[in-house]
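In this note's numbering, the protein residues as written are 1442 to 1793. By construction, the Cβ of each residue, glycine as well, lies at the ideal position given by its N, Cα and C atoms. A quick note: this is a predicted structure, and the numbers were derived from the prediction, not measured.
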Amino acid sequence: MDDPHDDFERSLAFADIAMGQMKALRQPAYPRNYEVWYTYATGQNLQLNAAVNEVLAKGSFCEQELSRIYEELLSPHRFTETIDQVGVRVMNKIGQVLAMVQIAAGDVTQYSESLADATNALVRAGADSESLHVIVESLVESTREMEVRNRVLQDRLNDSNREISLLKQNLEAARTESLTDPLTTLANRKYLDMAITRLMADGFATGEPLSVLITDIDNFKKFNDTFGHLTGDQVLRLVAMAVKQNVKGQDVAARYGGEEFMVLLPRTTTQHAVTVAEHIRKAVMGKELMKRSTGESLGRITISIGVATMRPGDTAASLIERADNHLYAAKRAGRNRVLADSEPQPSPAKVA
């Protein structure tokens, strides 16, 4: 795990790249421009990097293009606006359906009145066959009109139902995107914070265990500095895949930050959580990294993992802190290992 000094140096390197890009393209150092180029330098937003590279390939990069990329891929209001827009469309469609139902109700009332009028006419007509024929013809005509209106209403309701279903899918897609880390496709920190609160409440209510894994890539900064950030991103995706392949059901796998990943394991004891952690550790260690451009072997990477299980009185912060302490202990004990609540802990000095 990197210490604060490492984070400081890394963030300055990203900042230098961002400022260099703005200088080279003679773009104003507005906060939004800086945010675009800083994010581009980190390489963590694949869509943004692809969009920027596409514009750069055309040979020019105007302020309008930069604003477009920011609004489409970075704006903090983007997901909220998308969800709001879909929500408004859903409400409008529901309003249309209600209006159609209201019209149908009016048609039914009118039809009922026609039947009532026909009944009164029958009473008045007595045995006059000609009058009875006229009344029956009137009822048949009203019934036919009602059938046509019902068919039209049914078609409109079916169309509205399909559109509402599509809008719901769009809304869910926007919500999913807002809760997903773009580089690894795991859940992001926002979703993780919501999930741990919910799962801890469930665990306390049912008495079921909840275990937490925190993983960290060993010597990741050195690897990143040696082979570059693009290869570093490849490592992050590899670890994310190993995590994803070893969780199931209601387990939650998320990118916790940087090169750290967290897994929430509801209804899982410490012993079983350690087993899951070992599977993840061995899966990562078993992968040999290859440089895509040359086919050169970059060796293997390892991860260290800390495991903690919820105790009475725990908060999300205390549970995560305990797992984090075990992670540091695994680093101190030589890296590439799993340490859990039941494990003895070495001295408190932290290592990278």
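Asked: Coarse secondary structure for H1518, derived from DSSP in three states; Found: Interpretation of H1518 is limited by its pLDDT of 48, a score under 50 that renders its predicted location unreliable; the figure taken from the coordinates is listed afterwards. Correct three-state label for H1518: coil.
Asked: Beta-carbon separation (whole angstroms), R1592 vs Y1697, contact threshold 8 Å; Found: R1592 to Y1697, Cβ: 56 Å. No contact.
Asked: I1701, enclosing beta strand (DSSP E) - first and last residue; Found: The sequence shown places Glu at residue 1701, not Ile. Element bounds for E1701: 1701-1707.
Asked: Reduced DSSP category for A1637 - H, G, I as helix; E, B as strand; rest coil; Found: The sequence shown places Ile at residue 1637, not Ala. Three-state result, I1637: helix.
Asked: Local Cβ density within 10 Å of L1453, reported as buried at 16 or more and exposed below that; Found: exposed
Asked: G1741 - DSSP class collapsed to helix/strand/coil; Found: It is Arg, not Gly, that sits at residue 1741 in the sequence shown. In the structure shown, R1741 sits in a strand (DSSP, three-state: E or B).
Asked: R1778 (DSSP reduced to helix, strand or coil); Found: coil
Asked: Which residues DSSP lists as bridging I1655, in chain order; Found: M1703, G1747
Asked: C-alpha gap between K1723 and I1746, whole angstroms; Found: 11 Å
Asked: Host alpha helix (DSSP H) of A1628 (start-end); Found: From DSSP, A1628 is part of no alpha helix (DSSP H); its letter is neither H nor E.
Asked: When T1735, S1783, I1658 are compared against I1742, the one with the closest alpha-carbon; Found: I1658
Asked: Residue of Q1468, F1502, F1455 minimising C-alpha distance to G1484; Found: F1455
Asked: Same chain, Cβ closer than 6 Å to F1661, five either side skipped, listed in chain order; Found: E1700
Asked: Close beta carbons around L1507, own chain, < 7 Å, minus the five adjacent residues each side; Found: Q1468, N1474, V1477
Asked: DSSP-derived helix/strand/coil call for I1698; Found: Contrary to the premise, residue 1698 reads as Gly rather than Ile in this sequence. G1698 falls in the strand class under three-state DSSP.
Asked: Cut-off 7 Å between Cβ atoms - residues of its own chain near A1757, not counting five sequence neighbours on either side; Found: I1637, T1638, M1641
Asked: Separation of H1670 from I1744, as counted between CA atoms; Found: 18 Å
Asked: Classification of T1647 by the beta-carbon crowding that lies within 10 angstroms, buried from 16 upward; Found: exposed
Asked: Which listed residue (A1470, L1624, I1458) has its alpha carbon closest to that of Q1675; Found: L1624
Asked: Counterpart residues of V1729 in DSSP-defined beta bridges; Found: The question names Val, but residue 1729 in the sequence shown is Glu. DSSP, once it has assigned bridges, lists R1741 as partnering E1729.
Asked: Presumed contact (8 Å Cβ cut-off) between V1693 and V1704, rounded CB distance; Found: 7 Å
Asked: Local Cβ density within 10 Å of S1501, reported as buried at 16 or more and exposed below that; Found: exposed
Asked: Cβ neighbours of N1687 in the same chain (closer than 8 Å, five flanking residues each side left out); Found: V1717, H1720, I1721, A1724
Asked: Closest residue to V1779 among L1487, V1715, S1759 (Cα-Cα distance); Found: V1715
Asked: Check: V1688 C-beta below 7 Å from any heavy atom of the ligand SAH; Found: The ligand SAH is absent from the structure shown, which contains no ligand whatsoever.
Asked: Identity of the residue in A1681, R1603, L1489 nearest E1513 by Cα; Found: L1489
Asked: Neighbour-count burial assignment, H1518, 16 or more Cβ in a 10 Å radius; Found: Note on H1518: pLDDT 48, under 50, position unreliable in the model; the coordinate value appears next. With fewer than 16 other Cβ atoms within 10 Å, it is exposed.
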